[in-house]
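**Q** Let me give you the structure first, and then I'll get to my questions.
Residue numbers (the working numbering): 231 to 399.
Shown next, in the form of structure tokens:
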């Protein structure tokens, strides 16, 4: 399979050919732009659209995750090694360490056994990249959720409340 790093120099060499007709030059230039855009940002945006369309993880669904679950899952997927969170045991028995994501097979597709979740850094590069793309899409979903929550909070501020706050300042 040819990568974009292989194709773009070839396209550029053709674009540099002065004898190339203008319409072909423009079309090839657009194609080069599209190929170059297939980077991490484009992959993350495409994954977020997939999550909404295929998984049904709509903004309404995301808004139900008010405990930073989206961000935590993103962090766990992005981390090169398995993350653990300190958990206080009941009745003052000390602390334990848990994987901070609630495991549900429908959400967490990472390979695991009950005793072991492999470190992300040991995964094949294609799978590791996929985890990072999913992580980025989850970060975007959490950012959008926070922005919606801020808009809702701002809409609850009445003009009289704002005026009172302005007078105090």
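Note that CB positions come from ideal geometry on N, CA and C, so glycine has one too.
As the structure is a computational prediction, the values presented were derived from the model and not from experiment.
Candidates 280, 252 and 270: which alpha carbon is nearest residue 366's?
**A** Comparing Cα-Cα distances from residue 366 to each of 280, 252 and 270, the minimum goes to 270.
**Q** How many Å lie between residue 245 and residue 256 at the Cα?
**A** Taking the straight line from one Cα to the other gives about 9 Å.
**Q** How is the alpha helix (DSSP H) around residue 386 delimited, first residue to last?
**A** Taken as a continuous stretch (DSSP letters only), residue 386 belongs to no alpha helix (DSSP H), as it is neither H nor E.
**Q** Give me the residue from 283, 286 and 293 with the minimum Cα distance to residue 372.
**A** Out of 283, 286 and 293, 293 has the C-alpha closest to the C-alpha of residue 372.
**Q** Out of 385, 387, 376 and 384, which one is the CA nearest neighbour of residue 290?
**A** Minimum Cα distance to residue 290 is reached at 376.
**Q** Find the nearest neighbour of residue 316 within the set 308, 325, 309 and 310, judged by alpha-carbon distance.
**A** The candidate whose alpha carbon is nearest that of residue 316 is 325.
**Q** Would residue 428 and residue 368 be called neighbours here (beta carbons separated by less than 8 Å)?
**A** Past the edges of the chain, shown from 231 to 399, lies residue 428, and the structure says nothing about it.
**Q** Can you name the start and end residues of the alpha helix (DSSP H) that residue 290 belongs to?
**A** Run containing residue 290: 289-293, per the alpha helix (DSSP H) assignment.
**Q** Helix, strand or coil for residue 307? Go by DSSP, reduced to three states.
**A** Residue state, collapsed to three classes: helix.
**Q** In the DSSP assignment, find the alpha helix (DSSP H) that holds residue 274 and state where it starts and stops.
**A** Run containing residue 274: 270-280, per the alpha helix (DSSP H) assignment.
**Q** Can you tell me the Cβ-Cβ gap for residue 364 and residue 307, rounded? I've got them flagged as a contact below 8 Å.
**A** About 6 Å; that satisfies the 8 Å criterion.
**Q** Measuring only the C-alpha atoms, how far is residue 353 from residue 249?
**A** Their backbone Cα atoms lie some 47 Å apart in a straight line.
**Q** To the nearest angstrom, how far is it from the Cα of residue 275 to the Cα of residue 254?
**A** Roughly 29 Å separates the two Cα atoms.
**Q** How many angstroms separate the CA atom of residue 298 from the CA atom of residue 278?
**A** Approximately 17 Å between the Cα atoms of the pair.
**Q** Expressed to the nearest angstrom, what Euclidean distance is found between the alpha-carbon atoms of residue 370 and residue 282?
**A** Computed Cα separation, rounded: 12 Å.
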